[in-house]
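In this note's numbering, the protein residues as written are 1 to 80.
Accompanying notes for the structure given below.
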C-alpha cells in the first residue's frame with residue numbers, strides 16, 4: 001500500500017522486495033500498490049496469512065499465484 005499522506009516514512013523494504021523478485025522474474029512493473037483499505041479487503045480473501053517478525057513499516061505483501069490466458073498463450077502470474 002502507498003505511504004499514507006502525512007506519514008513521514010521511508011520504505012527501503014520495497015526496494016529489497018523488488019531486488020528479490022527480479023532474481024526470479026524479468027517482467028517490468030510486476031510489483032504494485034493498492035490503497036490501504038483495499039489491501040485489507042484483499043487480505044480477507046487470502047488462502048493463507050503468514051505473520052513474520054519483519055519490523056519494517058509498510059512491509060505487507062500479497063503474493064498472487066495462478067495462471068492466466070494472455071494473447072493466446074498460457075502465462076504464469078506470480079505477483080501482480
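Where is the CB? At the ideal position from N, CA and C, for every residue including glycine.
These numbers were taken from a predicted model, which means no experiment stands behind them.
Identity of the residue in the options nearest residue i by Cα
i          : options           : result
residue 30 : 37, 40, 15 and 41 : 15
Contacting residues, own chain, Cβ-Cβ under 8 Å from residue i (five flanking each side not counted)
i          : result
residue 3  : 9, 11 and 58
residue 56 : 11, 12 and 13
residue 46 : 62
residue 20 : none
Proximity below 8 Å, CB of residue i to CB of residue j
i          : j          : result
residue 24 : residue 61 : no
residue 34 : residue 42 : yes
Contacts around residue i, its chain only, beta-carbon distance under 6 Å, and the 5 residues preceding and following it disregarded
i          : result
residue 37 : none
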